[in-house]
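**Q** Starting off with a structure, shown below.
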Amino acid sequence: MLYIVIAFLWLAILFYLVLGGADFGAGILEIFTPATNKEDLRRTAYIAIGPIWEANHMWIIIAVVIVFVGFPEIYSMISISLHIPVLIMLLGIIARGTAFTFRNYDAINDKMQAVYTRIYIYSSFITPFFIGIIAATAVSGRIDPKAQGFLQAYIFDWLDWYPVSVGLFTVFLCAFLAAIFLIGEVSHKPSRQAYVQKARLMNLGLIIFMLLSFRAARADNIPMFKWVFGSTLSIVAVVISFVAWIFTWYQIANNNVRLTRLWAGIMILTLLIAITYGHFPDVVLLKGGMSLSLLSGQAPEATINALGSALLTGGLFIIPSLFYLIYSFGQKNKSISVHKS
Amino acid sequence: MDNFIAARSQMALSLGFHIIFSCIGMVMPFFMAVAHFLYLRTGSINYRNVTRAWSKGVAIFFATGAVSGTVLSFELGLLWPEFMKHAGPIFGMPFSLEGTAFFIEAIAMGFYLYGWDKFNPWFHWFTGVMVGITGVVSGILVVAANSWMNCPAGFQYVNGQFIHIDPVKAMFNRAWFSQSLHMTLAAFTATGFAVAGIHAWLLYRKKNVLFHRTAFKIAALFGVIASILQPVSGDISAKFVAKTQPAKLAAMEAHFKTCAYSPLLIGGIPDVKHQKVNYGIEIPGMLSWLVSGKFDTKVTGLDQIPKDQQPPVAITHYSFQIMVAAAGLLGTIGLIYLIALTVKRKWLKRSWLLLLFAAATPIGFLAVEAGWTVTEVGRQPWIIHGVMRTADAVTPMPGIQYSFYLFTMVYVSLAITVIFLLKRQINMVGLVYDVNNKNGDL
Chain A
72 MLYIVIAFLW
82 LAILFYLVLG
92 GADFGAGILE
102 IFTPATNKED
112 LRRTAYIAIG
122 PIWEANHMWI
132 IIAVVIVFVG
142 FPEIYSMISI
152 SLHIPVLIML
162 LGIIARGTAF
172 TFRNYDAIND
182 KMQAVYTRIY
192 IYSSFITPFF
202 IGIIAATAVS
212 GRIDPKAQGF
222 LQAYIFDWLD
232 WYPVSVGLFT
242 VFLCAFLAAI
252 FLIGEVSHKP
262 SRQAYVQKAR
272 LMNLGLIIFM
282 LLSFRAARAD
292 NIPMFKWVFG
302 STLSIVAVVI
312 SFVAWIFTWY
322 QIANNNVRLT
332 RLWAGIMILT
342 LLIAITYGHF
352 PDVVLLKGGM
362 SLSLLSGQAP
372 EATINALGSA
382 LLTGGLFIIP
392 SLFYLIYSFG
402 QKNKSISVHK
412 S
Chain B
139 MDNFIAARSQ
149 MALSLGFHII
159 FSCIGMVMPF
169 FMAVAHFLYL
179 RTGSINYRNV
189 TRAWSKGVAI
199 FFATGAVSGT
209 VLSFELGLLW
219 PEFMKHAGPI
229 FGMPFSLEGT
239 AFFIEAIAMG
249 FYLYGWDKFN
259 PWFHWFTGVM
269 VGITGVVSGI
279 LVVAANSWMN
289 CPAGFQYVNG
299 QFIHIDPVKA
309 MFNRAWFSQS
319 LHMTLAAFTA
329 TGFAVAGIHA
339 WLLYRKKNVL
349 FHRTAFKIAA
359 LFGVIASILQ
369 PVSGDISAKF
379 VAKTQPAKLA
389 AMEAHFKTCA
399 YSPLLIGGIP
409 DVKHQKVNYG
419 IEIPGMLSWL
429 VSGKFDTKVT
439 GLDQIPKDQQ
449 PPVAITHYSF
459 QIMVAAAGLL
469 GTIGLIYLIA
479 LTVKRKWLKR
489 SWLLLLFAAA
499 TPIGFLAVEA
509 GWTVTEVGRQ
519 PWIIHGVMRT
529 ADAVTPMPGI
539 QYSFYLFTMV
549 YVSLAITVIF
559 LLKRQINMVG
569 LVYDVNNKNG
579 DL
């Protein structure tokens, strides 16, 4: 049952990164969009994301509940040492969730829209940035539970080149996913071209910050290279991810929406496997070589069994209805755009 | 500000904020579903307009409730890491189920809000009903987790260790039913009266009469029925608290001395130093009777609770008084409305009835906040009743006051924005939803 719980945790994080990430990405893309095209982007994103956007953000709740019920030591360690980045991430979540809804549901369309939009854009950037920082710090081996002094204990462990590069990597990952997703949502050729252009730009950012993350990891003696290329499985994942990346761009050129998304999904999935498999089951690495593992610090068996059954039962309800939601609105939106053209 | 006080204030602020949005988010979908049902049955465009207007309110409240709830799931750890480290595996079961319920709610919400004219009308209606049902289920589960803190079960505490953990037993602790029932009815009462009150005010001002009359009737009926049932649930809760948390009951009643024929105290200013209450009205024997059905039952007073295990008496007592008074007021308005509906139909046309409802708009939520304060402050100094002290659970990180100030700023501005948005929604009713307006629905 423990492995079922871990699998759900991993999937919840993955889904949050991909679905929630594409959602954040739509906000990030607005930063890189000239004012004249912003309205177009907003409308496209609203039609495409609107129905599923609340559900996209449920994955983080599932993930955090799994961590605090199943792996309480990890939860409390992260809560203490990474209090500040978690807090900033939460402010981002509040700002973004409300601004998105307010912008769409405000009864009057006036200059308040600009306020919501600004908040929406900044928080779309800040939230994934800090998610990246939190994840990177957790495995950086810089968390020191015995640290003295406020700065040492609560600031310097995460405010460093490695977490910051991974944070920016996460931001570009989200923006890349959003751009890829939105390419398929427009049929109009010039705007399609604009999204392709954006996907290219975001892809470039993704590569730059990936390389920077490796560089920063080396400078800090974090064995990231070993994690990503250290085992057969992770090497296979890297190779598949690379191939999927090439196919993604091939399918974009081919104008095949479904295959573009499929390959992009495979690319991110395998990339995440490559990044996380190397240090599994340790998810929090502490200063001095200690670590918190998913396989040894877990809750008592009765709790893990109950949690696993709750997740399996929940999954039976969630997965089909979520699938139907995405599928049916995909169909309806398609028929609308056919109507228009 | 002391770190511990700052952490408690931030938690109180976050919960006090979240509770309003989650109540509305779980109850309003039912109003919406009723209006929608009437539209589907009668085809009257007026019902459709009410449904659509409400669904926008639901979207705004749901989104705000969803993010403030997400924040809470992290805040439990940010502020009380020691508590979560031990309690997480024990009382986490309802949270993991709540995750599912909440997820389904979000999915149903997606179908409902964006599904107008895109699906089979009854399927679409059904997704709206699901929003309400999953919302109430979520609420019950979260309250079940809270009731575990009041009435811990499903583990043994030996030498500072939590052993023999049984999460299912913990979820079905003895307090879960009485607390969930009380909270659910409170949510229906508060939301019913708040929504009815706003529509009553606009009706009184003679704005878009048809629209507001329909909306008022539906919301009022929900609020009225819940407010009349609530005293029964309050009685169950009080009897239960007397049995399981005598210190809380003593603080609620500012009951200092243990005695038979204990009086029920109404109002009064507790003087903790001298162990007495000034200016209160006492009804002899009534407290004994209320908690046990017999007048000669001894009710434990604060004198039998060690000093270091007593909750703050004044806050608990005042909050309890406010809650009971507010609930009593709403129950009375509820009865008046029922009489108007059944016997005195001409009252329905009177403007004083509308004004009464309009004046009662915030009172239900006042009762909700006060009641929440009673159960949380009344449990102090414990975070897990009788097992772990709140002070031992707090985060070691200093400077929580700054995070408290920050959250206060964020929540205050959010509250202002939501009120501003609602006002704009209401202002638009005349333009968008009035059937006499030729433009009709958007």
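Heads up: the protein sequence lines correspond to chains A and B, in order. Mapping of the first sequence onto the working numbering: residues 72 to 412, in sequence order. Mapping of the second sequence onto the working numbering: residues 139 to 580, in sequence order. Cβ coordinates follow ideal geometry from the N, Cα and C atoms, glycine included. Values in this document were obtained by computation on a predicted structure and should not be read as measured data.
Who are residue 520(B)'s beta bridge partners in DSSP?
**A** If you number the second sequence from 1, residue 520(B) lands on position 382. Partner(s): 527(B).
**Q** What does residue 389(A) reach in chain B if we use C-beta pairs closer than 8 Å?
**A** Working through the first sequence from its first residue, we reach residue 389(A) at position 318. 238, 241, 242 and 245, listed in chain order.
**Q** Is any beta-carbon of chain B found at less than 9 Å from that of residue 195(A)?
**A** Looking up residue 195(A) in the first sequence gives position 124. With 9 Å as the cut-off, residue 195(A) does not count as an interface residue toward chain B.
**Q** Which runs of the beta strand (DSSP E) at least 3 residues long sit entirely within the region 305-373 of chain A? Give them in chain order.
**A** Counting only runs that start and end inside the region 305-373 of chain A, the beta strand (DSSP E) elements of at least 3 residues fall at 353-356 and 362-364.
**Q** Please name the residue in 492(B), 265(B) and 174(B) whose C-alpha comes closest to that of residue 343(B).
**A** As a working note, residue 343(B) is residue 205 in the second sequence. When only C-alpha atoms are compared, the closest one is 492(B).
**Q** My assumption, with CB atoms under 8 Å, is that residue 158(A) sits in contact with residue 216(B). Please give the rounded CB distance.
**A** Position 87 of the first sequence, counting from 1, holds the residue named residue 158(A). Position 78 of the second sequence, counting from 1, holds the residue named residue 216(B). That belief holds up - the Cβ atoms of residue 158(A) and residue 216(B) are roughly 7 Å apart, short of 8 Å.
**Q** Ordered along the chain, which non-local residues of its own chain (more than five positions away) have a Cβ less than 6 Å from that of residue 72(A)?
**A** Position 1 of the first sequence, counted from the first residue, corresponds to residue 72(A). Counting only Cβ-Cβ distances below 6 Å, and skipping sequence neighbours, we find 375, 376 and 379.
**Q** With C-beta atoms as the reference, is residue 203(A) less than 9 Å away from residue 248(A)?
**A** The residue you call residue 203(A) lines up with position 132 of the first sequence. The residue you call residue 248(A) lines up with position 177 of the first sequence. At least 9 Å separates the beta-carbon of residue 203(A) from that of residue 248(A).
**Q** Is the Cβ of residue 252(B) closer than 9 Å to any Cβ of chain A?
**A** Counted from its first residue, the second sequence places residue 252(B) at position 114. Yes, its Cβ sits closer than 9 Å to a Cβ of chain A.
**Q** Starting from residue 407(B) and walking both ways along the beta strand (DSSP E), at which residues does that stretch end?
**A** The residue given as residue 407(B) occupies position 269 in the second sequence. Its beta strand (DSSP E) spans residues 407-409.
**Q** Please state whether the Cβ-Cβ distance between residue 283(B) and residue 240(B) is less than 9 Å.
**A** As a working mapping, residue 283(B) is identified with position 145 in the second sequence. As a working mapping, residue 240(B) is identified with position 102 in the second sequence. Result no, Cβ atoms of residue 283(B) and residue 240(B) do not sit closer than 9 Å.
**Q** For residue 153(A), which of helix, strand or coil comes out of DSSP?
**A** Residue numbering aside, residue 153(A) sits at position 82 when the first sequence is read from its first letter. Residue state, collapsed to three classes: coil.
**Q** Short check: CB of residue 102(B) to CB of residue 207(B), under 9 Å?
**A** Residue 102(B) cannot be examined here, being either before or after the span of chain B that is shown, 139 to 580.
**Q** For the beta strand (DSSP E) containing residue 300(B), name the first residue and the last one.
**A** The residue given as residue 300(B) occupies position 162 in the second sequence. That run of the beta strand (DSSP E) goes 299-301.
**Q** In whole angstroms, what is the alpha-carbon distance linking residue 357(A) and residue 141(B)?
**A** If you number the first sequence from 1, residue 357(A) lands on position 286. If you number the second sequence from 1, residue 141(B) lands on position 3. Answer to the nearest angstrom: the Cα atoms are 26 Å apart.
**Q** Roughly how many angstroms separate the alpha carbons of residue 343(A) and residue 217(A), rounded to a whole number?
**A** For the purposes of this step, residue 343(A) is taken as residue 272 along the first sequence, with counting starting at 1. For the purposes of this step, residue 217(A) is taken as residue 146 along the first sequence, with counting starting at 1. Taking the straight line joining both Cα atoms gives about 31 Å.
**Q** Leaving out five residues on either side along the sequence, give the residues of the same chain with a beta carbon under 8 Å from the beta carbon of residue 313(B).
**A** Looking up residue 313(B) in the second sequence gives position 175. Excluding residues within five positions, the ones whose Cβ falls inside 8 Å are 285, 286, 288, 289, 378 and 382.
**Q** Which residue from 118(A), 88(A), 99(A) and 98(A) puts its Cα closest to that of residue 402(A)?
**A** Reading the first sequence from its first residue, position 331 is the one you call residue 402(A). The shortest Cα separation from residue 402(A) among 118(A), 88(A), 99(A) and 98(A) belongs to 118(A).
**Q** If I follow the unbroken alpha helix (DSSP H) through residue 217(A), where does it start and stop?
**A** Taking the first sequence and counting its residues from 1, the one referred to as residue 217(A) is at position 146. Per DSSP, residue 217(A) belongs to no alpha helix (DSSP H) and is neither H nor E.
**Q** Measuring alpha carbon to alpha carbon, tell me which of 435(B), 401(B), 437(B) and 440(B) ends up nearest residue 422(B).
**A** In the second sequence, residue 422(B) corresponds to position 284, counting from 1. Answer by Cα proximity: 401(B).
**Q** Any beta carbon of chain B sitting closer than 9 Å to that of residue 418(A)?
**A** Here chain A has residues from 72 to 412 only, and residue 418(A) is not among them.
**Q** Between the C-alpha atoms of residue 566(B) and residue 186(A), what's the straight-line distance to the nearest angstrom?
**A** As a position in the second sequence, residue 566(B) is number 428, starting the count at 1. As a position in the first sequence, residue 186(A) is number 115, starting the count at 1. Rounded to the nearest angstrom, the gap between the Cα atoms of residue 566(B) and residue 186(A) is 20 Å.
**Q** Can at least three beta-carbon pairs, one atom from the region 100-115 of chain A and one from the region 259-278 of chain A, be found at a separation below 8 Å?
**A** yes
**Q** May I ask you to report which of helix, strand or coil DSSP gives residue 414(B)?
**A** Here residue 414(B) is taken as the residue at index 276 of the second sequence, counted from 1. If DSSP states are grouped into helix, strand and coil, residue 414(B) belongs with the strands.
**Q** Taking the straight line between their C-alpha atoms, what separation do you get for residue 461(B) and residue 517(B)?
**A** Stepping through the second sequence from its first residue, residue 461(B) is reached at position 323. Stepping through the second sequence from its first residue, residue 517(B) is reached at position 379. Cα atoms of residue 461(B) and residue 517(B): separation of roughly 17 Å, rounded to the nearest angstrom.
**Q** Taking contact to mean at least 3 C-beta pairs separated by less than 8 Å, is the region 186-202 of chain B in contact with the region 540-549 of chain B?
**A** no
**Q** Could you please give the first and the last residue of the uninterrupted beta strand (DSSP E) stretch that includes residue 295(B)?
**A** To locate residue 295(B), count along the second sequence from 1; it is residue 157. Residues 294-296.
**Q** Is residue 291(A) close to chain B? Criterion is C-beta to C-beta, closer than 9 Å.
**A** Against the first sequence, residue 291(A) aligns to sequence position 220. Chain B, which has no Cβ nearer than 9 Å to the Cβ of residue 291(A), makes this no.
**Q** Among 346(B), 397(B) and 234(B), which residue has its Cα nearest to the Cα of residue 275(B)?
**A** Here residue 275(B) corresponds to residue number 137 of the second sequence, with the count starting at 1. With distances taken between Cα atoms, residue 275(B) lies closest to 234(B).
**Q** Tell me which residues share the same chain as residue 150(A) and place their Cβ nearer than 8 Å to its Cβ, disregarding the 5 neighbours each side in the sequence.
**A** Here residue 150(A) is taken as the residue at index 79 of the first sequence, counted from 1. If we look at residue 150(A) and ignore the five residues flanking it on each side, its Cβ neighbours are 157.
**Q** Classify residue 403(B) as helix, strand or coil using the three-state DSSP reduction.
**A** Translated into positions along the second sequence, residue 403(B) becomes position 265. Note: residue 403(B) maps to strand in three-state DSSP.
**Q** Between the beta-carbon of residue 205(B) and the beta-carbon of residue 270(B), is there less than 9 Å?
**A** Locating residue 205(B) in the second sequence gives position 67, where the first residue counts as 1. Locating residue 270(B) in the second sequence gives position 132, where the first residue counts as 1. Contact: no.
**Q** Name the chain B residues whose beta carbon is nearer than 7 Å to that of residue 157(A)?
**A** Residue 157(A) sits at position 86 when you count from the first residue of the first sequence. The contacting residues are 212 and 216.
**Q** Would you check if the distance between the CB atom of residue 163(B) and the CB atom of residue 196(B) is smaller than 9 Å?
**A** Here the question's residue 163(B) lines up with position 25 in the second sequence. Here the question's residue 196(B) lines up with position 58 in the second sequence. It is a contact, given that the beta carbons lie within the stated cut-off.
**Q** Is any beta-carbon of chain B found at less than 9 Å from that of residue 140(A)?
**A** Taking the first sequence and counting its residues from 1, one reaches residue 140(A) at position 69. Cβ-Cβ to chain B under 9 Å: yes for residue 140(A).
**Q** Could you check the C-alpha separation between residue 99(A) and residue 183(A) for me, to the nearest Å?
**A** Against the first sequence, residue 99(A) aligns to sequence position 28. Against the first sequence, residue 183(A) aligns to sequence position 112. Cα-Cα distance, rounded: 20 Å.
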